[in-house]
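Undergrad: For the sequence shown, my numbering begins at -12 and goes up steadily by one. No residue lacks a Cβ here, since even glycine has one placed at the ideal position from N, Cα and C. Since we're looking at a predicted model, the values are computed, not measured.
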Amino acid sequence: MSVVLSFADVSLVRDGRAILNHLNWHVDSSQRWVILGPNGAGKTSLLRIAAAQLHPSQGSASILEKTLGKSEISEIRNRIGFASSAQSKRIPANESVLDTVLTAAHGVEGRWNETYENIDIRRAERVLAEWNLLEFRDHLFGTLSDGERKRVLIARAVMTDPEVLLLDEPAASLDVGAREQLLQLLEGYASSPFSPAMIMVTHHVEEIPEGFTHVMLLKEGRVTAAGEIADILTSENLTSTFGVPLLVSHEGGRYWARMVR
Ligand SMILES: Nc1ncnc2c1ncn2[C@@H]1O[C@H](COP(=O)(O)OP(=O)(O)OP(=O)(O)O)[C@@H](O)[C@H]1O
Ligand SMILES: [Mg+2]
């Protein structure tokens, strides 16, 4: 077990406002974290620091044992997988699904003149199979449904065999069938001891895949509670994080939340 992330007193300030406020956080390689919190709580900003895309304004953030601002971070970027809908906009619409995944090997979006080894192509095909995408191999990214795109972006994020996988709202906008299928894939991935550490942002406790171990609740840039899911995902903690009376229930490894009436 190794330390994947270590945040000490991390704040992120924009326009004089603390988007993230004095955060302390440790993630080990065996852990799978969910981040929950209202709109604007700072979830995506937190993931972007974890992806080495943003530096904290104060405090210290180490990712894969490199401290942001003190180490050469280009070297760790390809050890981090990051799938978000913002990325979806950067993939050319006429890129094939295979190339969308394959180009992650060179850290580029859109195939140009790079050469790829057979081993890369075979790995991309294996990843496509793993995420139920082989039938879309030659489809164009721009023609895919939202659910298919989300899976392609996750496949792209795992193409480089990352040591940490960051997912920003992977199930947002999916229909219930597509959501459940994606959760099943994420469950299988999260449960494997060979998978990397995972950090997933979501808005719904129903979208926490089995196999996830920890949760951070974030409100207005501050951690309201963090730790093992069974201890932290309580009605009391969700109520104080979301500011409405919520009742949490769970069954068979899945969670639900609804308003107390
Ligand atoms: N570059 C920036 N300049 C100013 N404000 C910013 C900047 N980036 C983010 N913010 C603000 O910081 C807050 C947190 O944004 P962030 O995208 O991290 O929230 P979030 O928790 O991911 O929200 P959502 O659930 O809606 O995706 C928001 O109020 C946002 O407007
Ligand atoms: Mg967000």
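1. Using three-state DSSP, classify T54 as helix, strand or coil.
2. At what residues does the beta strand (DSSP E) containing R19 begin and finish?
3. For L172, which of helix, strand or coil comes out of DSSP?
4. Would you say A28 and L153 are within 7 Å of each other, going by their C-beta atoms?
5. Compute the beta-carbon to beta-carbon distance between V192 and A116, rounded to the nearest angstrom, for a pair I have assumed lies under 8 Å.
6. If you check the beta carbons only, do G249 and E194 fall under 7 Å apart?
7. What I want to know is whether the C-beta of T31 ends up closer than 6 Å to one or more non-hydrogen atoms of ligand 2.
8. Considering only heavy atoms of ligand 1, does any lie closer than 6 Å to the CB of D162?
9. By DSSP's criteria, I186 is part of a beta bridge. Which residues make up the other side?
10. Classify G230 as helix, strand or coil using the three-state DSSP reduction.
11. Measuring alpha carbon to alpha carbon, tell me which of L51, N65 and S222 ends up nearest R143.
12. Residues bridged to M(-12) by DSSP?
TA: The short version:
1. strand
2. R19 to L23
3. helix
4. no
5. The C-beta separation of V192 from A116 comes to about 30 Å, leaving the pair out of contact by the 8 Å criterion.
6. One cannot answer for residue 249 here, as it falls past the ends of the chain, which runs -12 to 248.
7. Yes; taking the cut-off as 6 Å, the Cβ of T31 has a heavy atom of ligand 2 nearer than that.
8. No, Cβ of D162 sits at least 6 Å from all heavy atoms of ligand 1.
9. W20 and L153
10. coil
11. N65
12. In the DSSP output, where bridge partners are listed per residue, M(-12) has none listed.
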